[in-house]
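A.B. asks:
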Amino acid sequence: MQNNNKSFILKGLDCASCAAKIEEGVKRIEGVTYANCDFVNSKLSVEIDDSYELEKTIKELKKLVKNIEPNVEIIEYENEKIKDDNELLRRGIRYGISAILFAVALIFNLSVYVKFTLFFISYIIVGGEV
């Protein structure tokens, strides 16, 4: 018999007591063989028995979490990792474009206005979120 391991990010979990309630509640769900709610990292790790329907068990788990802590957003860990990878790629592209503009303004003998424009655009690209 094999188990499915699933991890979830519990975004917005700010109560250690609620994390303990979630862990205990998830352990009582039929088909769950192991559950651990890590309050510090806001991560819920679950093992689900293969003989039980995975999607149904996950729906029950999400319903339980929403009943205990309605403001918590439940995100499957794999999806969060993909989002992080995409964000790193976008950030790298922004930094690369900004570095090229900065280098062009620094190296080439351009007018003051063009240099200022390139420096300014470079700064906006890198620090746009601030």
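One gets the working numbering by counting positions in the sequence shown from 1 and adding 1043 to each. C-beta atoms are modelled at their ideal positions from N, C-alpha and C, and glycine is treated no differently.
(1) Would you report the Cα separation of Glu1073 and Gly1170, rounded to the nearest angstrom?
(2) Quick one: grab the DSSP three-state call for Val1069.
(3) Give me whichever residues DSSP pairs with Asn1046 in a beta bridge.
(4) So if DSSP puts Cys1080 in a beta bridge, which residue, or which two residues, is it bridged to?
(5) If you drop the 5 nearest sequence neighbours on each side, which residues of the same chain put their C-beta closer than 6 Å to that of Ser1088?
(6) To the nearest angstrom, how far is the alpha carbon of Ile1164 from that of Val1075?
(7) When you compare only the Cα positions, how much space is there between Asn1152 and Ile1167?
(8) For the beta strand (DSSP E) that contains Glu1116, what are its first and last residues?
C.D. replies: Per the coordinate set shown:
(1) 49 Å
(2) Of the three classes helix, strand and coil, the one that applies to Val1069 here is helix, per DSSP.
(3) In the DSSP assignment, Asn1046 is bridged to Asp1092.
(4) Leu1087
(5) Short of 6 Å from the beta carbon of Ser1088, and not among the five residues preceding or following it, lie these beta carbons of its own chain, in chain order: Ser1050, Asn1079.
(6) C-alpha separation (whole angstroms): 53 Å.
(7) Approximately 22 Å, taken between the alpha carbons.
(8) 1116 to 1119
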